[in-house]
Structures are given as C-alpha cells and as structure tokens.
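Take the sequence shown: its letter number 598 is residue 598 in UniProt numbering, and every next letter is one higher.
Reviewing the structure listed below.
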Amino acid sequence: MGSVPQLSIIKGRTRPTKASQLHTLFEQVVKTDSGKNTALIYEENGLIRKLTYEELDTLTNSLARVISDNITRNKIPPNLDGDYIVAVSMTPSDYLVVTLLAILKAGAAYLPLDPAFPKGRVEHILREAKPAMVIFDTDCDYFLNTFKLSLEGFLDGAKQYPSLPLEENERQRHLKTDLAIVLYTSGSTGVPKGVRLHNAMILNRLQWQFKTFPYSDTESTCVFKTALTFVDSVSEIWGPLINGLSLLVIPKLVTQNPELLVSLLEKYKIERLVLVPSLLRSLLMYFNLHSEKQFLKHLKTWICSGETLVASLVQQFYQYFAIDQHKLCNFYGSTEIMGDVTFHVINEQVNYQEKIPIGLPIDNTIVYLLDSDFRPVKVGEVGELFVAGANLAAGYVNGRDPDKFIENPLAVDPAYMKLYRTGDFARIEKGTVLYEGRTDSQVKIRGHRVDLAEIEKSVNAIDGIEKGVVLCYNPGEINQALLSFVTSEASLNERQIEKLLKEKLPLYMVPQVLLLDDIPLLVNGKTDRQALLKLYENSDGNNNDTLNFTVEIDYTGVSEGQLPAAKVLFETVASVLHKSARSSISIDANFYEIGGNSLNSIYTITSLNEKGYHISIGDFIAASDLGEILDRMSPDKQIFPTIITQPPCYAAEFLTDDHKKDAIDMITSSFYQKADLEQWIITEISELDYANLMEALWRPLVDAGLSFVVKTETGKSVGVALNFDARAEPDVEVRSKLSIIFEFLESVEGPVRDTQLPPGKGTVLHSFMMATNSTLAAKENVAVIQFMEKEVIRVARSNNFAGIFTTNTNPLTQQLGTNVYSYKTYLEYQVNQYIATDGTKPFGLAPDAQRVLVQWKTV
Numbered sequence: 001m002g003s004v005p006q007l008s009i010i011k012g013r014t015r016p017t018k019a020s021q022l023h024t025l026f027e028q029v030v031k032t033d034s035g036k037n038t039a040l041i042y043e044e045n046g047l048i049r050k051l052t053y054e055e056l057d058t059l060t061n062s063l064a065r066v067i068s069d070n071i072t073r074n075k076i077p078p079n080l081d082g083d084y085i086v087a088v089s090m091t092p093s094d095y096l097v098v099t100l101l102a103i104l105k106a107g108a109a110y111l112p113l114d115p116a117f118p119k120g121r122v123e124h125i126l127r128e129a130k131p132a133m134v135i136f137d138t139d140c141d142y143f144l145n146t147f148k149l150s151l152e153g154f155l156d157g158a159k160q161y162p163s164l165p166l167e168e169n170e171r172q173r174h175l176k177t178d179l180a181i182v183l184y185t186s187g188s189t190g191v192p193k194g195v196r197l198h199n200a201m202i203l204n205r206l207q208w209q210f211k212t213f214p215y216s217d218t219e220s221t222c223v224f225k226t227a228l229t230f231v232d233s234v235s236e237i238w239g240p241l242i243n244g245l246s247l248l249v250i251p252k253l254v255t256q257n258p259e260l261l262v263s264l265l266e267k268y269k270i271e272r273l274v275l276v277p278s279l280l281r282s283l284l285m286y287f288n289l290h291s292e293k294q295f296l297k298h299l300k301t302w303i304c305s306g307e308t309l310v311a312s313l314v315q316q317f318y319q320y321f322a323i324d325q326h327k328l329c330n331f332y333g334s335t336e337i338m339g340d341v342t343f344h345v346i347n348e349q350v351n352y353q354e355k356i357p358i359g360l361p362i363d364n365t366i367v368y369l370l371d372s373d374f375r376p377v378k379v380g381e382v383g384e385l386f387v388a389g390a391n392l393a394a395g396y397v398n399g400r401d402p403d404k405f406i407e408n409p410l411a412v413d414p415a416y417m418k419l420y421r422t423g424d425f426a427r428i429e430k431g432t433v434l435y436e437g438r439t440d441s442q443v444k445i446r447g448h449r450v451d452l453a454e455i456e457k458s459v460n461a462i463d464g465i466e467k468g469v470v471l472c473y474n475p476g477e478i479n480q481a482l483l484s485f486v487t488s489e490a491s492l493n494e495r496q497i498e499k500l501l502k503e504k505l506p507l508y509m510v511p512q513v514l515l516l517d518d519i520p521l522l523v524n525g526k527t528d529r530q531a532l533l534k535l536y537e538n539s540d541g542n543n544n545d546t547l548n549f550t551v552e553i554d555y556t557g558v559s560e561g562q563l564p565a566a567k568v569l570f571e572t573v574a575s576v577l578h579k580s581a582r583s584s585i586s587i588d589a590n591f592y593e594i595g596g597n598s599l600n601s602i603y604t605i606t607s608l609n610e611k612g613y614h615i616s617i618g619d620f621i622a623a624s625d626l627g628e629i630l631d632r633m634s635p636d637k638q639i640f641p642t643i644i645t646q647p648p649c650y651a652a653e654f655l656t657d658d659h660k661k662d663a664i665d666m667i668t669s670s671f672y673q674k675a676d677l678e679q680w681i682i683t684e685i686s687e688l689d690y691a692n693l694m695e696a697l698w699r700p701l702v703d704a705g706l707s708f709v710v711k712t713e714t715g716k717s718v719g720v721a722l723n724f725d726a727r728a729e730p731d732v733e734v735r736s737k738l739s740i741i742f743e744f745l746e747s748v749e750g751p752v753r754d755t756q757l758p759p760g761k762g763t764v765l766h767s768f769m770m771a772t773n774s775t776l777a778a779k780e781n782v783a784v785i786q787f788m789e790k791e792v793i794r795v796a797r798s799n800n801f802a803g804i805f806t807t808n809t810n811p812l813t814q815q816l817g818t819n820v821y822s823y824k825t826y827l828e829y830q831v832n833q834y835i836a837t838d839g840t841k842p843f844g845l846a847p848d849a850q851r852v853l854v855q856w857k858t859v
C-alpha cells in the first residue's frame, strides 16, 4: 500500500487575540507609567522635536474634535461603503503621525495620498474612495470637490476645543467594519484599488509580532521610515506606539541617503529595521565604502519584505554581520493580507543557487497552494497561493474585484471561511513555502507592488503610440529595469514619451521607453515577451541593429585640469547605467535624470572609490549635475564627510519683486516647520503669519538693497538672506503670536546693540533671517547656509559696515558662526528662562541645552 500524499496546506499557530482598536491601545499606554515617556521624535537639519505620550494624547484629542466637528457641521456623509475616510497628503514628520492618531480617535480611517502622486492617480482615488476630507501640508488644485483642511488650519483649529477624549457618541461610525486604514495598490485591471484594513486584522499581525519578535529590554526607540502608502508603515508606526516606546520619524530625504540614515540609526541605537532588499543592498555597499568602521552593531533584527530576497544578498549580509548576533528575516505578503502573512528567519549559511523561503504562516492564518480547480496540490508541486484567516482585509473600496476574496471550500472553522487569492505561485519544500513568481503581470519595484498592465495602459493611451508592451527585466536584481517597448506612428522620441508618462504615473512606475519598428509575435499572434527581453539583454552598442544602447560621452566644458577625473567619472557612470542611460553623459547631465537611482548611485560611488576618487554620498546625491560631482571628487579619502567648503554652483541676486514668491515660501517653510524657537509655540502660529510678516517687510527689504536670494546654475532658488541696517530697521506691527518671538529677540539683542556696538547708521549690518529651500538634502542645506554666511560678509564689506550683528538660534549656524567665521559671542541665553511681558514662559518646555547666541563679527 502506498502512503497518502501530503497536501500543500500549512496552518499557523492558533492564538487568542484581544479585540480592540489602535487608538484605544495607545490611550491605555498613556494611563500607565509610560505616559511621561517620549512618544514622538522628529529630527531634521539640526531641529529636534519631541512629544510625550501625555502631550500627544491631549493634542490629538483636540484634533480629533476638529475632524469630527467638521464632518458633523458640514453634514459630510460616509462613502458608498459606509466608511468615514480622511485622506492625508503630507510628507513624513511628527505632524503626520499626530494627524493619523487624531483621525483614528475621531472614528474615521486614514487614507494616505503621497504628495508625489500625479494628478490623475489622486483624482481617481478621491473619486472612488470619497473621503470626508483631505488634510494636507501642500495644497493641490486636484483635490476635486473634497473638503480640504491645511495642516496649519488643522492645528490652529484645535485651540477651540477641549483636550478631553471624545465620548463614543461623538466619534464617527463606519456602517459595516471597524475600519482603520485604506491603502491604494496597483490594480490587476490597470486601475489602482483601495484595500480596506480593519483594526482586527492589523492587531492580529501586530500581536503575532510582539510574541515572535518581542521588543527587547534595551529597545527604547523604533523608526518610521517607510512611505505611508506602503503597508509596512502600519507596523512601524503603531507597534511602538501601543507599547510605550519612542517613535523616531525619519524624513524622506534621510531615508534616501544611506549616509544620513545610518547616522540616525546609530545615534538612537535602533535595534530593528524593516526594509526592502534594494535598500539593504545600498546599505551594505555603503558599509563596504567605509570598511574601517563597523556599523549598526545594535541593529539585531533586519526584516526584508516587499521584494524578492535573493541568496546573493543574504550572503553579503552575513559576510558583514555575525549570524549568531544578527537576524535577517524574509517576510511575505501584500496589502490585502496585512503586508506579512508568512515569515522565515535565516539562521544558516546559504549558497548562491538557493532560494530563500518565504517561510511559514503567522498566527491565526492558513496558507493553501491550489490548482486551477481550487484543489490543494501535492507537497513539492507548484500551486497558486491562497490565504485564509485573521489577516484578511475587508475587501476593496466600492466592492472592487470580488473574485479576489472568495468563499473557502476547504474550511470547517468559521474563522477561515474567506480566501484571498494572492496571484502568486509557490511550492512547499522541507516544510516551508518557496515563492515561485506571479500568475499575472505584477512585480515589485523598490518595494511597491506595480502592475505592468497599469503602466501598459498608460503607455497605450498616449496619442501616436501604435503599440506598447511593458516588461520587467531581472526583477529583484541590481540591474532590474522597467521597460516599455513601443512602436509609434507619430514623431515621438523616447524622452517625450517618458515625459508624458511622468504626468500620469508615480516616478517609480515610469519605464525606460525603447522605440522599435515592430513588436515580435509568437505563432499564435501574441506578443513574444521573451524575445523582447532577449533583445534588451543582448543589445550592446553596434552588436544589435534594432536597439542601440551606445552611451554617448561628451567632455564639452570640462577644463583640461579636470579631464583625467572626468574621464574616470563619465566612464564609470556609463558602465553603471549602460543600457538604462537615457541621454548623453556630460557635465550638465543629472545622474538621476539620465537613469540613476539610489542603488546604482551607491554602486557608482563604490566604483569611483576603487579607482582612487572619493566623494561622500551626501555630496553625490546633492549634486545637481555631473559637473558638481566632478568638483567635489577628491583623491584623498575622507573617513568622515566634511562640510562643503567651496560650493561651485550658487549665485546671489539682490532682492527684487521677481523673487518675492520664492523668498516668502522659503522663509515660511523654514521658520514654521523647522525653526528652533517657533516649535514651542507651534499651536499658536500659522504659516499665514509668516506670509503676512513678509508682506509687511517686503518693500523695506527691497529698498534697502542688502538682502539676497541664492540660486543654482539652473535658476532654482535655494536660499534667502534678509539683512537690514541695524540703525534703520522699519517699524512693523506684528499682529500674530509671532510677536512673542520678536519680543524675545529684542530682549536679548537690544542691550547688546545699544551699548556694545558702534553707533550711527551704516555701521552695523543686522543679519536678520536666513532660510533654505525645504527640498534640499541635509548636505546641500549646509552648503547653501555656508554660501549665505560668506555672502553676508561680502555684502557688509562692500557697503562699508563695521561688522555684522546676528542672533543665532540654530545649532548649525551657531557652530558655523563661532568655529568657522569667528563671530564673537556677546550674550548666551538659555531660552527656557525667558519670561514674556504677560508673565508666561513661552519656551518653558525647551531643554536647558537650547540656547541663543547674540554675536558680532568685525569685517
């Protein structure tokens, strides 16, 4: 008698889960001894903001009332699913997390809208999801007819409400499900669709995590760095906040820069990190650039998800980290099954040929591998992967694609009556699940699930395109490429088509366009996709008549002295980008615009390093073109990045009315979002207050002829410096709470200015305000500030001032002023000691270490 064949069904451990809600669990933490612990930390450009659990709780109580009251007062109905949804279009910051918690407390669910999403995608999401409102930090004209609330208006509105928690009858109620989050993914029909995540599925995933990968006794801070539109952000944010830990919110520009990201992870001794394999590869390359140092010893648990984890990357990881001291894990899932439904801890060495398992199902879930008739395949055979259990979403917005959530014909237990069809193939080997690819056209690009059909639909919708086919070359590998093979009856070139696609698709979904005379077909008349991929793979300059990938290198404009270095740089870039290079390589070419990305930029830096030329990652990423990179390359290796001492690409222009919008925008964003004093009264001021102040000051600033904006060679405004003659400053009435700032500044500046500086007009230049463009990376921000400091000195000298008078509140400018430009400090003042005219201490929450320096420099 033969043995009964084993079927491909694996059940996770059954564990009881506590029914609750994310915001309720947070509130329970507030009532414990952890209430006084730091809940949120945000650090950017020298600014650090912190909120304790108690402060976060009271603030979000008031903000929840703003949301609930606006919905009730404006009689905003739920959407077609009976859900109250609040869309959020904000860049990552502490205010983003504050907003999310307030939404949940109001009884609504949050829906992220990435500010980088193109108009068409946002309009589709808003039309379909019908959120009750949109909360934004930058307004867009395509928020349709949705009720809008700016971040500053949102925060300002909280002042009108008490900070008591909402009663249950004051919260909004969803009709069917205890909904918490809606996340839009790439749809299999070519149209994005919204996944409805309810509290129970989120908490099943989190409670499994807390048991399987518990927080250690030394783990005090965790990070939120994943894009909010990506499901991994859910566990990053709410895991720490319902356990009383501190959550460090990492700005997007830091996440994109391995140098800055590693520095923050080191500083806060982060012990766990969720990341896509492509970011892990970038970090390992960065570590190898600095082989003299061992990085991230504290980071014990590394969790890869979102892309295929290949064996070669696992080998690189364990060549750097000891296998008995650091865990590398491979998680599998999608938004519909709470991001992670199977997991595998890699605790043994692997070879290059091995597949890394996606592992075993988490608690309260079952994985099935089924054939086309929904029957389990035998162990070892490939089947389509289905999931049942507590990790299933509550379907899609508007009931889209019901065939993805089907009745489970194999279930006996009511808890497993629904099946989610993942669209993935898998097989079971040695008791664990191995991923075997997609059943449809979906791939992972930088951690985002991308449906090639959606991109293909956008390509074929362009006027003049005869046929377009979209494919992914080598998914999961370093040379992965998103490709669109196109035939056109119009006079469109590749760049024009790519430009049109950028208006329709997120940047990570824009393919490299390749024009062909004909699309190859199989004998049955279907597109020969393998032939297209072979065509791309085998193309190499003149060896192929159909696709010519010869990369043109243009040395025009390179000085004779820089020619040897330029030859190394340009040839390195050409070899790295190769087929993906989208234009000629020259001093004016921007690395990222011609095909570069965060991964191959690290590879380029590594290659330059091996050839004897060194440049920090910050400088490389900040450079506007290859000419800047050339200027910043050095044959001398620098273990620690240095401040850029001679920015080659900036020019100062004295203020004119043409600069007004840029100047006001930079002052407003810099001081409202990042200023060291303003953070302590942020709930009492708004961005409009700065705009009004600048309006009042504008004409005197222009007429004085002492202030300037800083521009790059491309004409982009990246900085502004406002200066007055200290003895001829205009009288401006400040009618907002900004008056607190100016009263304080006058209290510390006045005695120094009036008694210790040279008398008379034309003797003292007051360096009044400096601001930089909010889009700058941290390294470039330093470079622009340095340029402005030097330019202020030049302005003072050219106008025969005796010296420069300034008050520095920022640690960076304090360091530059004191250590680099030799300003003399007349007064150092601890800001939390200031008592305002009304008897209050407006900066009383500031740490003792926060000081202002009143300084003078003779010129």
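Where is the CB? At the ideal position from N, CA and C, for every residue including glycine.
Close CB contacts of G557 within its chain, under the 8 Å cut and outside five residues either way in sequence, are with S586, I587, D588, G627 (chain order).
Taking the CA atoms as reference points, S220 sits about 24 Å from K293. Taking 3 residues as the shortest admissible run, the stretch 180-230 contains the following complete beta strand (DSSP E) segments, listed from N- to C-terminal end: 193-198, 221-224. Residues T807, V854 of the same chain have their beta carbon placed closer than 7 Å to that of E749, with the five preceding and five following residues left out of the count. When only Cα atoms are considered, R529 and P115 end up about 34 Å apart. Its Cα nearest to that of A846, the residue K50 stands out among V276, G46, K50.
DSSP places I366 inside the beta strand (DSSP E), whose first and last residues are 365-370. Counting C-beta atoms within 10 angstroms of its own C-beta, M769 has 16 or more neighbours from the protein chains shown and is therefore classed as buried. Secondary structure note for T58: its alpha helix (DSSP H) is the uninterrupted segment 53-73.
Assignment of I462 by DSSP, reduced to helix, strand and coil, places it in the coil class. For M338, the three-state secondary structure derived from DSSP is coil.
Inter-segment contact for the stretch 697-709 and the stretch 649-665 is present: three or more beta-carbon pairs are separated by less than 8 Å. A Cβ-Cβ distance of about 18 Å is found for the pair T772 and I793, leaving them out of contact under the 8 Å criterion. L535 sits in a helix when the DSSP states are folded into three classes. Excluding its 5 nearest sequence neighbours in each direction, S686 has C-beta neighbours in its own chain below 6 Å: E152, D156, listed in chain order. Annotation for I237: V97, L100, F224, L247 place their beta carbon closer than 8 Å to its own, counting only its chain and skipping 5 residues before and after.
For the set K499, T763, G715, P520, the Cα lying nearest the Cα of A728 is the one of T763. Judged by their CB atoms, I356 and L328 are not nearer to each other than the 7 Å cut-off. Between A39 and L56, the CB-CB gap stays under 7 Å. Distances from the alpha-carbon of V134 to those of K119, R121, F154, G596 put F154 closest. Ranking A802, V795, F742 by CA distance to the CA of G760 puts A802 first.
In the DSSP assignment, W302 falls within the unbroken beta strand (DSSP E) covering 301-304. Nearest in C-alpha terms to G194, of all of L175, F230, H174, is F230.
By the Cβ test, the stretch 125-139 is not in contact with the stretch 31-45, since fewer than three Cβ pairs between them sit closer than 8 Å. Cα atoms of S616 and L206: separation of roughly 38 Å, rounded to the nearest angstrom. In the displayed model, I103 falls within a helix according to three-state DSSP.
Within the same chain, V469, I519, L521 come within 7 Å of T527 by CB-CB distance, once the 5 residues on both sides are set aside. Contact fails between the stretch 160-171 and the stretch 115-126, because fewer than three Cβ pairs, one in each stretch, are under 8 Å apart. With respect to N199, Q21 sits close: the two C-beta atoms are nearer than 7 Å. The Cβ atoms of G107 and L175 lie no closer than 7 Å to each other. In the three-state reduction of the DSSP assignment, Q756 falls in the helix class, which pools H, G and I. In this chain, the alpha helix (DSSP H) harbouring K252 covers 252-255.
For A652, the uninterrupted beta strand (DSSP E) run begins and ends at 650-654, by DSSP. Taking 4 residues as the minimum length, the alpha helix (DSSP H) runs contained wholly in the stretch 81-142 are 94-105, 119-129, in order along the chain.
Residues M338, A390, N391, L392, A393 of the same chain have their beta carbon placed closer than 7 Å to that of M201, with the five preceding and five following residues left out of the count.
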